[in-house]
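Structure, as structure tokens:
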Amino acid sequence: RIGRQLLADSLLLAVAGGVLGVVVAPLAIRGLVAFLPRDLGSNALSGALSLRLLAFAFFASVTAGLLSGLAPAVHAGGDSVVGSLRERGGTGFGGVRLRKCIVTLQVAFSLILVIGAALFLRTLSSLLAKGPGFDTASLVSFSLEPRKNGYSAVDSHRLIERIQDAVHALPVTRDSGIARNELLTGGSWRNGVTIQTDRRFTTDRGVDLNAVSPGFFSTLNVRVLAGRDFDQHDSRPAGEPDRPCAIVNEAFVKRYLTGSDALGLRIGVGSGPDVKPDIPIVGVVTDFNYRGLRAQTEQAFFPISDKNEDFGAAFYVKLRGTPEQAFQVIRGVVRNADPHLPILGLRTVEEQVTRSLNTERMLAALSGSFGALALLLSLIGLYGVMSFVVTRRTREIGIRLALGATGASAIRLILRDAVIMIAAGIAIALPCAAALGKLVQSQLFGVTATDPATVAAAALVLATGALVAAFIPAWRASNVSPTDALRLE
């Protein structure tokens, strides 16, 4: 009968918790989605919840409650009167051991999630500190794709040149340049490169390529370390023969041209035997990020040409005024050139940098939320178990105090159990976190999955919170009156 009563209590609590969860879940999901970055593309999360999902969550909650109440019910049903009296006296701890094991597993699971959250936060922090490698202050960008509006390659090139000249002449413009492929969007023109030094060889992996205009590097404040920048003679008017030349970055020189003077060496795009390495290198620039903040790759740049079949352009404009003023006049320039040509992605480059980190922000937000929730639940569980232990050992503590024990010794007596649970949970969590960390290593940047400082900080946060949660019932135990404790028995 006692077992059935305990099981009924567990069922009632589980149903109440499930109903509360169903009511709160839509609000919590909406809050989480609002907290996440807005422009997640294919990774975007929806705040809508289906009835089937809510029903599954409700029944899972009720099932968990029943399973949680099953062990105490069976334990209570099988207890003898003598056994119960012994436990009341403080000598029987079968039920307490089970509770301690559950809390230990809670602590371990919480630490795994907290370590994961810390790693993703370190990744986001490292990427923000690293930056794109070029000056984003007062820099705006936008893209045009005239070919999609029916322009030929030559006409598209002419239109982009005309718009570039008009944008460059604006009073709000300090400098401007264009590139075939937009920066920090994850895509690139990538191909092998054939290099002619004292021998002919091909790069062992793809090189990030781009076609840019004169002024592109100065607009981004990317320094030319050797040689020269592109000039107007390199970018011929549409329809005229090109004068091929190339600029490479430091990473390209370090990987493929160590010990050689890069200037004057010739390269060709492609890796087949028919590729002619007849494009001279005329300059070397500092490294900056092309595809995204993570990728520090070998890069080669060529003058903008109308030979590109899908010719479009990403414009980069360094401003004198505010971005809002620039957006208005840039829209006017494009409308004057072609009122039907759409402007794509008109925004500040700082906003583009932020958008390029949307996945990292989402991972940090989600893992941080789950880690904080798991930590809170484990602290509540630890507090509950320690309160239960104090209640069961009230008589023992009262006798110790009556025999001359100090309050500090009573606190140590209770905290000793808490320290054992915390230490056991950490010992379980560390190898599990190291094993699971290998699965997310590709998502990390600037930190390894087993980074000692991060793991130690996460463990310290959890241990500190757990000790605080355990100290409250321990402090209460130290203030037990021996007379009251004995009277309770």
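Residue numbers for the sequence shown follow full-length UniProt numbering, beginning at 1 and rising by one.
Don't be surprised by glycine CBs; every beta carbon is placed ideally from N, CA and C.
Note to self: Please identify the residue among Ile195, Gly186 and Val222 whose C-alpha is closest to the C-alpha of Arg291.
What the structure shows: Comparing alpha-carbon positions, the option among Ile195, Gly186 and Val222 lying closest to Arg291 turns out to be Gly186.
Next item on the list: With DSSP collapsed to three states, give me the class of Asn479.
Entry: It is coil, neither helix nor strand.
Next item on the list: Tell me whether Asp175 sits in a helix, a strand or coil according to DSSP, three-state version.
Entry: Strand.
Notebook entry, point to check: Helix or strand or just coil, what does DSSP make of residue 537?
Noted result: An answer regarding residue 537 cannot be provided, because it is not within the stretch 1 to 489 covered by the chain.
Check: Out of Arg294, Arg266, Asp274 and Phe288, which has the shortest C-alpha to C-alpha gap to Val282?
Finding: Measuring from the Cα of Val282, the nearest candidate turns out to be Arg266.
Note to self: So, with DSSP's three-state summary, where would you put Arg266?
What the structure shows: Residue state, collapsed to three classes: strand.
Next item on the list: With a 10 Å radius around its C-beta and 16 neighbouring C-beta atoms as the bar for buried, classify Cys245 as buried or exposed.
Entry: Buried.
Check: Under 9 Å, do Phe445 and Glu350 count as touching if we go by C-beta distance?
Finding: In this structure, Glu350 does not lie closer than 9 Å to Phe445 by Cβ.
Checklist line | chain B within 9 Å of Trp189, Cβ atoms only | finding: Considering every chain present, this structure includes no chain B. It has just one protein chain.
Check: With C-beta atoms as the reference, is Arg158 less than 9 Å away from Gly312?
Finding: For the pair Arg158 and Gly312, the CB atoms are not nearer than the 9 Å cut-off.
Check: When the Cα atoms are used, what is the spatial distance from Val167 to Pro342?
Finding: Approximately 16 Å between the Cα atoms of the pair.
Item checked: Residue interval of the beta strand (DSSP E) (run including Ser143) -> Membership of Ser143 in the beta strand (DSSP E) is indicated by the continuous run Leu139 to Leu144.
Checklist line | Reference Ala458, options Ser61, Ile115 and Ala28, closest by Cα | finding: Minimum Cα distance to Ala458 is reached at Ile115.
Check: Do you know offhand how far Asp234's Cα is from Val285's?
Finding: A straight-line Cα-Cα distance of about 17 Å links Asp234 and Val285.
Next item on the list: Between the Cα of Val96 and those of Gln441, Val385 and Glu396, spot the shortest distance and give me the residue it belongs to.
Entry: Of the candidates Gln441, Val385 and Glu396, the one whose C-alpha sits nearest the C-alpha of Val96 is Val385.
Item checked: Distance, Phe327 Cα to Ala57 Cα -> A straight line joining the alpha-carbon of Ala57 with that of Phe327 spans about 48 Å.
Note to self: In this structure, how does DSSP classify Ile411 when only helix, strand and coil are distinguished?
What the structure shows: Under the three-state reduction of DSSP output, Ile411 falls in the helix class.
Margin query: I'd like to check one pair, Ser387 with residue 491: are the Cβ atoms closer than 9 Å?
Written below: Residue 491 lies beyond the residue range present for the chain, which begins at 1 and ends at 489; the question has no answer from this structure.
Notebook entry, point to check: Alpha carbon to alpha carbon, how far is Glu161 from Ala435?
Noted result: Distance from the CA of Glu161 to the CA of Ala435, rounded to the nearest whole angstrom, comes to 54 Å.
Notebook entry, point to check: Considering Lys318, what are the terminal residues of the beta strand (DSSP E) in which it resides?
Noted result: That run of the beta strand (DSSP E) goes Ala313 to Leu319.
Notebook entry, point to check: Looking at C-alpha atoms only, which residue of Pro214, Leu49, Ile330 and Leu293 is the closest neighbour of Phe301?
Noted result: Selected option, being the one with the closest Cα: Pro214.
Checklist line | Beta-carbon gap between Leu293 and Val353 smaller than 9 Å | finding: Contact: yes.
Item checked: Residue from Asp198, Gly264, Gly381 and Gln232 whose Cα sits closest to the Cα of Ala226 -> Nearest of Asp198, Gly264, Gly381 and Gln232 to Ala226, Cα basis: Gly264.
Next item on the list: Would you identify the three-state DSSP class for Asn149, choosing helix, strand or coil?
Entry: If DSSP states are grouped into helix, strand and coil, Asn149 belongs with the helices.
Notebook entry, point to check: Would you call the CB atoms of Ala470 and Thr394 closer than 9 Å?
Noted result: Ala470 is not a Cβ neighbour of Thr394, given a cutoff of 9 Å.
Next item on the list: Kindly indicate which residue of Leu363, Leu467 and Arg190 has the alpha-carbon position closest to the one of Ala211.
Entry: The option with the nearest alpha carbon to Ala211 is Arg190.
Notebook entry, point to check: Does the distance from the CB of Ala364 to the CB of Thr123 come in under 9 Å?
Noted result: Yes; because the gap between Cβ atoms is below 9 Å, this pair is in contact.
Note to self: Less than 9 Å between the beta carbons of Asn289 and Gly133, yes or no?
What the structure shows: Against a cut-off of 9 Å, the Cβ pair of Gly133 and Asn289 comes out as a contact.
Next item on the list: Just the C-alpha distance for Ala169 and Ser188, rounded to the nearest angstrom, thanks.
Entry: C-alpha separation (whole angstroms): 29 Å.
Note to self: Quick test of your reading: Thr297 and Asp208, contact by CB under 8 Å. State the CB separation rounded to the nearest angstrom.
What the structure shows: Confirmed, Cβ separation roughly 5 Å.
Next item on the list: Name the one or two DSSP bridge partners that Asp208 has.
Entry: The partner list for Asp208 (beta bridge, DSSP) reads Arg190 and Gln299.
Check: Using DSSP with H/G/I as helix, E/B as strand and the rest coil, what is Leu225?
Finding: When secondary structure is reduced to three states using DSSP, Leu225 falls in the strand class.
Margin query: Using a 10 Å radius around the Cβ and a threshold of 16 neighbouring Cβ atoms, would you call Gln5 buried or exposed?
Written below: Under this definition Gln5 is an exposed residue.
Checklist line | Backbone CA spacing between Ile29 and Arg416 [nearest angstrom] | finding: So the two alpha carbons sit approximately 39 Å from each other.
Next item on the list: Report all residues from its chain with a CB closer than 6 Å to the CB of Gly177; omit the five preceding and five following residues, and keep chain order.
Entry: Around Gly177: Ser213, Gly215, Phe216, Thr219 and Tyr316.
Note to self: At the level of alpha carbons, what is the spacing between Arg62 and Val15?
What the structure shows: The amino acid occupying residue 62 in the given sequence is Val; Arg does not appear at that position. Straight-line Cα distance between these residues: approximately 6 Å.
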